[in-house]
Amino acid sequence: MNPLYIVIGLIVLVGLYFLSLYNGLVSLKTRIEEAWSQIDIQLKRRADLIPNLVETVKGYAKHEKTVFSEVTKARSALMGAQSLPQKAQASDMLTSALGKLFAVAEAYPQLKANENFVQLQKELSDTEDKVAYSRQFYNTIVNEYNIKIRTFPNTLFNEMLGFSEKEFFAASEEEKKAIKVKFD
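Throughout the sequence shown, residue numbering follows the working numbering, covering 56 to 239 in sequence.
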C-alpha cells in the first residue's frame, strides 16, 4: 500500500473527528442557549405576575409596606439581571420575598378567600413548577456539554475550537430552605 494513501486516510479521519467534535459541541451549546431561554421566559412570566399579586395583597394588608418593597425590589433586580449568576441571585431574592408576601397573606382570611388572589397563587405555583423544570432541563444539557468537553481526547481541542465549560443554574442556600406557604 502506498504511504501517501495512509497519510491522506489519517488526515481525512482526523478531519472527520474534528468535524464531528465541533458539530456536536455546537449542537449542545445551542441546546444550552435554548434551555436558558426557557428559564428566562418562565422568570419573565413569574415577574409579570408579581405586580398583580402585590396589588391584590396591598388592598388587604396596607401596613405591610416593607414586604411590598422587598418584592418590588426583587422583581426589578430580576428584570434587570443580564448574566446567569445575576438572574439566579435575583430569582433567589424574589423567591424569598414571595415567601414573605404569602406569609403576610396567611394573616388575612378575607384575602385567602379572594378569587383573584387564589387564581394568582395558582398561576404563580404553575410558573414556579415551570421554572424548576426549565432549570432541571438546562442543567441536564449543561452536564452533557461539560462531560463532552472534559472527555479525552476532546479536552485537548476544546480551547482551540473556542469551547469552554458552562455554569449550572444552582439553587442558593436560601432556596434550599423550605418555605412554609399554604396554598388553599
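Ideal Cβ placement from N, Cα and C applies to all residues, glycine included.
Quiz item: Pick from ARG100, ASN213, PHE207, ASN78: whose alpha carbon is nearest that of LEU175?
Solution: Taking the sequence shown and counting its residues from 1, one reaches residue 175 at position 120. Checked all of ARG100, ASN213, PHE207, ASN78; the closest Cα to LEU175 is ARG100.
Quiz item: When you compare only the Cα positions, how much space is there between ALA152 and THR111?
Solution: Here residue 152 corresponds to residue number 97 of the sequence shown, with the count starting at 1. Here residue 111 corresponds to residue number 56 of the sequence shown, with the count starting at 1. Rounded to the nearest angstrom, the two C-alpha atoms are 16 Å apart.
Practice problem: Go through its chain and collect everything with a Cβ distance to GLN165's Cβ below 7 Å, but skip five positions before and after it. | Solution: Sequence index remark: in the sequence shown, residue 165 carries index 110 (1-based). Cβ within range, chain order: TYR115.
Quiz item: Terminal residues of the continuous alpha helix (DSSP H) containing SER219?
Solution: As a working mapping, residue 219 is identified with position 164 in the sequence shown. Looking at the DSSP string, SER219 is not in any alpha helix (DSSP H), and its letter there is neither H nor E.
Self-check item: Cα-Cα separation, ILE63 to ASN57
Solution: To locate residue 63, count along the sequence shown from 1; it is residue 8. To locate residue 57, count along the sequence shown from 1; it is residue 2. If you draw a straight line from the Cα of ILE63 to the Cα of ASN57, it is about 10 Å long.
Exercise. Return the first residue and the last residue of the alpha helix (DSSP H) that GLN144 is part of.
Key: Within the sequence shown, residue 144 is the residue found at index 89, counting from 1. It spans 139–161 - the alpha helix (DSSP H) in which GLN144 sits, taken as one unbroken run.
Practice problem: Give the straight-line distance between the Cα atoms of VAL126 and ASN209, rounded to the nearest whole angstrom. | Solution: Reading the sequence shown from its first residue, position 71 is the one you call residue 126. Reading the sequence shown from its first residue, position 154 is the one you call residue 209. Going by the C-alpha atoms only, they are around 45 Å apart.
Self-check item: Unbroken alpha helix (DSSP H) run spanning GLU119, endpoints
Solution: Here the question's residue 119 lines up with position 64 in the sequence shown. Note, GLU119: premise wrong, no alpha helix (DSSP H); not H, not E.
Quiz item: Should the segment 214–223 be called in touch with the segment 194–205, which here means at least 3 C-beta pairs below 8 Å?
Solution: As far as the Cβ criterion goes, the segment 214–223 touches the segment 194–205, which means the pair count is three or higher.
Practice problem: Report yes or no: do the segment 131–146 and the segment 89–107 share at least 3 C-beta pairs separated by less than 8 Å? | Solution: Enough Cβ pairs lie closer than 8 Å, so yes.
Exercise. Please confirm whether GLU119 and VAL173 have their CB atoms less than 9 Å apart.
Key: Translated into positions along the sequence shown, residue 119 becomes position 64. Translated into positions along the sequence shown, residue 173 becomes position 118. No; because the gap between Cβ atoms is not below 9 Å, this pair is not in contact.
Practice problem: Over the uninterrupted alpha helix (DSSP H) stretch that includes THR210, give me the two end residues. | Solution: The residue labelled residue 210 in the question sits at position 155 within the sequence shown. According to the DSSP assignment, THR210 belongs to no alpha helix (DSSP H), since it is labelled neither H nor E.
Quiz prompt | Between the CA atoms of LEU59 and TYR188 - distance to the nearest angstrom | solution = Here residue 188 refers to the residue found at position 133 of the sequence shown. Here residue 59 refers to the residue found at position 4 of the sequence shown. In this structure, the straight-line span from the alpha carbon of TYR188 to that of LEU59 is close to 54 Å.
Exercise. Figure out for me which residue from PHE207, PHE212, ARG190 has the closest Cα to the Cα of GLU222.
Key: Here residue 222 refers to the residue found at position 167 of the sequence shown. Among PHE207, PHE212, ARG190, the Cα nearest to that of GLU222 belongs to ARG190.
Quiz item: Who are the near neighbours of THR182 in its chain, counting only those whose CB is closer than 7 Å to its CB and skipping five residues on each side?
Solution: By one-based count along the sequence shown, residue 182 stands at place 127. Counting only Cβ-Cβ distances below 7 Å, and skipping sequence neighbours, we find GLN97, ARG100, ARG101, LEU104.
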